[in-house]
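Here is the structure we will look at.
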DNA sequence: TCAGTTTGTTCATATTCAGTTCATATTTGA
DNA sequence: TCAAATATGAACTGAATATGAACAAACTGA
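Chains as they are written, first to last, in our numbering: chain A, 423 to 646; chain B, 423 to 646.
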């Protein structure tokens, strides 16, 4: 069951949002201000948060910042008209998308679904990073219109890195995870696969990510 | 607030465990069988699960496996005497620790705390000082919007200093801690790394801390 | 079955850069 | 003021990584 936190001090809007989302089969946890919203975040396992900017006690910026710091979930912000300047600020602190009041409920629902789709490790076999999509069932990497099938090892390597963006993997860890603990071969094999992956990522333009070398440690996937 | 799931079909044991854990200030979410436990996992944000092996509908193995697949939390299993063979199986699927019935509630509490500590410590790869944040998994230093990746030695040096703010480290101590006791090189190497760190900290504005020289002794991290 | 292709690994070599050293300047405290 | 400690800039070096190519193994389709 997907659970969504709706934080808005205006009861009407709160109910409106909840109504439409419930119709989609989501379970809604409601909060009337920022403090309450944070309390609910701590209590419930939340998949996505819809956050109004203007709220008593703790405003939407503050709340979103805290959510992003402690949870790895998408946040949809609700802004009033004329707060457009703030939008940037919102994205900086990790908002994923926003709607402007008054908004079309259908559009809001669409955005929520898009965010869930984007964030979801769809059936654990599809993950996203930057502009690329990795489909494990097809060993396929795609970006925009182009897509390409990768050799098994290369795919697994990329998939592993992308499954924890930012995390540094040592060669040893990668070998354990992909080749298995009893692999006898050379650690440098990883380097070669990394090189080939980089070539592919270069040929695909606008991938929005790269594999970075952490000298002395290993590799990591990084947005760019 | 730390929230713990207690899954046991025996009401007495469930209450016993809950009682002792509540006394420690934890919030307890209770479940009487595996299915219910999973439902609670989905509903609440759980920090740790205490799981009995023998449960109706979905046994402890199954439950633990699912928990481990979808959540990154420690699981303490409760086994009946004579299930010792199964213990291994339990560890295979990712149990972190177990107690054997009948158990000493004090011991159970101790194990829960140890698990929380262990998991926290492992999450202790991030420390803060002033306005900077140091993420050891990424070798990353960030302050506000900007962040930067440091070379290994520089990072370890900064991390060491910041992990005990105010404490004076001699060059010798730093070398022992970072380079190892068998380092043969020059003590002055520390100075150079300190210098480079200071350059970085200067370029980052508003870091809220500095590395101070204690003439004749060494260095320390200081708020400012 | 067999040539042709793809994938995975190894190896030899080129390149890079973090870490160190060193020479010199500056600061500090008595 | 002076000697000792520390800061600084720059050059060096070697270990780590990147790269190109060759080889081996597995797979493909006729």
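We put the CB at the ideal spot given by N, CA and C, even for glycine.
If you're wondering where the values come from, they're calculated on a predicted model, not measured in any experiment.
For residue i, collect the residues of the same chain with a Cβ closer than 6 angstroms to its Cβ; drop the 5 residues on either side in sequence, then sort them by chain order.
{"i": "residue 578/B", "result": "600"}
{"i": "residue 645/A", "result": "552, 631"}
{"i": "residue 562/B", "result": "569, 571"}
{"i": "residue 454/B", "result": "431"}
{"i": "residue 640/B", "result": "590, 591, 592, 593"}
{"i": "residue 541/A", "result": "496"}
{"i": "residue 511/A", "result": "Confidence is the limiting factor: at residue 511/A the pLDDT is only 48, short of 50, which leaves the residue's position unreliable, though a coordinate-based value still follows. There are no such residues."}
{"i": "residue 448/B", "result": "424, 426"}
{"i": "residue 477/A", "result": "431, 455, 456"}
{"i": "residue 596/B", "result": "612"}
{"i": "residue 609/B", "result": "593"}
{"i": "residue 494/A", "result": "none"}
Can you list, in chain order, the residues of its chain with a C-beta nearer than 7 angstroms to that of residue i? Leave out the 5 residues immediately preceding and following it.
{"i": "residue 514/B", "result": "Residue placement at residue 514/B is poorly supported in this model, since its pLDDT is 49, which falls under 50; the coordinates still yield a value, given next. Correct list: empty, nothing qualifies."}
{"i": "residue 642/A", "result": "583, 588, 589, 590, 591, 634, 636"}
{"i": "residue 492/B", "result": "none"}
{"i": "residue 619/B", "result": "576, 579, 580, 633"}
{"i": "residue 621/B", "result": "none"}
Which word fits residue i, buried or exposed, when buried means at least 16 other C-beta atoms lie within 10 angstroms of its C-beta?
{"i": "residue 635/A", "result": "exposed"}
{"i": "residue 496/A", "result": "buried"}
{"i": "residue 560/B", "result": "buried"}
{"i": "residue 625/B", "result": "exposed"}
{"i": "residue 459/A", "result": "buried"}
{"i": "residue 429/A", "result": "buried"}
{"i": "residue 433/A", "result": "exposed"}
{"i": "residue 507/B", "result": "In this prediction, residue 507/B has a pLDDT of 44, which is less than 50 and means its spatial position is unreliable; nothing more can be read from the coordinates."}
Using CA coordinates, which residue listed in the options is at the minimum distance from residue i?
{"i": "residue 598/A", "options": "614/A, 619/A, 575/A, 617/A", "result": "575/A"}
{"i": "residue 500/A", "options": "531/A, 523/A, 489/A, 492/A", "result": "523/A"}
{"i": "residue 423/B", "options": "581/B, 533/B, 538/B", "result": "538/B"}
{"i": "residue 565/B", "options": "573/B, 554/B, 559/B, 548/B", "result": "554/B"}
{"i": "residue 468/B", "options": "477/B, 528/B, 489/B", "result": "489/B"}
{"i": "residue 456/B", "options": "446/B, 479/B, 620/B", "result": "479/B"}
{"i": "residue 475/A", "options": "446/A, 556/A, 623/A, 435/A", "result": "435/A"}
{"i": "residue 528/A", "options": "444/A, 622/A, 625/A", "result": "444/A"}
{"i": "residue 628/B", "options": "567/B, 558/B, 451/B", "result": "567/B"}
{"i": "residue 446/B", "options": "541/B, 477/B, 535/B, 494/B", "result": "535/B"}
{"i": "residue 638/A", "options": "613/A, 623/A, 525/A", "result": "613/A"}
{"i": "residue 450/B", "options": "425/B, 616/B, 470/B, 429/B", "result": "425/B"}
Compute the distance between the beta-carbons of residue i and residue j, then report whether it is under 8 angstroms.
{"i": "residue 462/B", "j": "residue 485/B", "result": "no"}
{"i": "residue 439/A", "j": "residue 472/A", "result": "yes"}
{"i": "residue 586/B", "j": "residue 549/B", "result": "no"}
{"i": "residue 531/A", "j": "residue 605/A", "result": "no"}
{"i": "residue 525/B", "j": "residue 466/A", "result": "no"}
Confirm the yes/no value for this check: CB of residue i, any heavy atom of the ligand FMN, distance under 7 angstroms.
{"i": "residue 449/B", "result": "The ligand content of the structure shown is nil, which means the ligand FMN is not present either."}
Among the residues of its own chain, which have a CB less than 8 angstroms from the CB of residue i, if the five just before and after it don't count?
{"i": "residue 437/B", "result": "none"}
{"i": "residue 533/B", "result": "498, 519, 521"}
{"i": "residue 670/B", "result": "Residue 670/B falls outside the range modelled here, since chain B spans only 423 to 646, and no answer is possible."}
{"i": "residue 615/A", "result": "575, 576, 579"}
{"i": "residue 547/A", "result": "557, 558, 559"}
{"i": "residue 464/B", "result": "none"}
Legend entry - Residues of the region 585 to 615 of chain A with Cβ closer than 7 angstroms to any Cβ of chain B, in chain order: 588, 589, 590
Inset, instruction - For the region 462 to 475 of chain A, enumerate the residues whose C-beta is nearer than 8 angstroms to any C-beta of chain B, in chain order. - result: 463, 464, 465, 466, 467, 468
Legend entry - Residues in the region 560 to 572 of chain B having any Cβ partner in chain A nearer than 7 angstroms: 560, 561, 567
Inset, instruction - Pull out every residue of the region 626 to 641 of chain A whose Cβ sits closer than 9 angstroms to any Cβ of chain B, in chain order. - result: Listed by position, the residues of the region 626 to 641 of chain A near chain B (Cβ gap below 9 angstroms) are 634, 636, 637, 638, 639.
Legend entry - Cβ-based contacts, 9 angstroms cut-off: residues of the region 490 to 501 of chain B near chain A: 491, 493
Legend entry - Chain-ordered residues of the region 521 to 554 of chain B with a beta carbon less than 8 angstroms from chain A: none
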